[in-house]
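Quick note on numbering: the sequence shown equals residues 771 to 909 in this note's numbering.
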Amino acid sequence: MSRPGHRAIRVVGLGCQRGCPASVLLGLIEVCLLERRIALSDITALASIDSKSTEPGLLALAEQLQLPIAFFSADELAVFAPQLSHRSQVAFDHTGCYGVAESAALAMASRLSGAPASLLIERRNCSRATFALAGRNPL
771 MSRPGHRAIR
781 VVGLGCQRGC
791 PASVLLGLIE
801 VCLLERRIAL
811 SDITALASID
821 SKSTEPGLLA
831 LAEQLQLPIA
841 FFSADELAVF
851 APQLSHRSQV
861 AFDHTGCYGV
871 AESAALAMAS
881 RLSGAPASLL
891 IERRNCSRAT
901 FALAGRNPL
């Protein structure tokens, strides 16, 4: 049971192709959350890899949802490789990270909670983006 005033940490990690619009990212998020009966309002933050820090679709999505977004280096994301549900050589060849969405979600959830986080929804994808959800419940 959580303490009053404390909410669970829920972080959406995203990877995307260059030029992917916010509408595609939001559609993927909504489908994945709906399947698990998680409300969009339960999301604490967004996260991705630092090479996407100027990606217009990601920045527009964060603004639209009024959520903070964090970007992590491939080295920062590499420490989460043992927790990934899938290791993509293609992703590694492009980014230096075996899984952007899962790693970024885990990194931000761990940062926000100050403790190790876990994957709540493993990597999902559409034609232009990948999604994962990581989090930690309050004590």
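We put the CB at the ideal spot given by N, CA and C, even for glycine.
Query, Result
"Given S855, which residues of its chain have a CB within under 7 Å of its CB, disregarding the five upstream and five downstream residues?", "E872, L889, E892 and R893"
"Pull up the distance between the alpha-carbon of L828 and that of K822, whole angstroms please.", "8 Å"
"How far does the alpha helix (DSSP H) with T865 in it reach, from first residue to last?", "Q859 to T865"
"Which first and last residues belong to the alpha helix (DSSP H) in which I891 is found?", "Taken as a continuous stretch (DSSP letters only), I891 belongs to no alpha helix (DSSP H), being part of the beta strand (DSSP E) at S888 to N895."
"Kindly indicate which three-state DSSP category R906 falls into: helix, strand or coil?", "strand"
"Please report the Cβ distance between A899 and V801, rounded to the nearest whole angstrom; I am assuming they are in contact, meaning their Cβ atoms lie under 8 Å.", "Actually they do not touch by this definition, with Cβ atoms about 11 Å apart."
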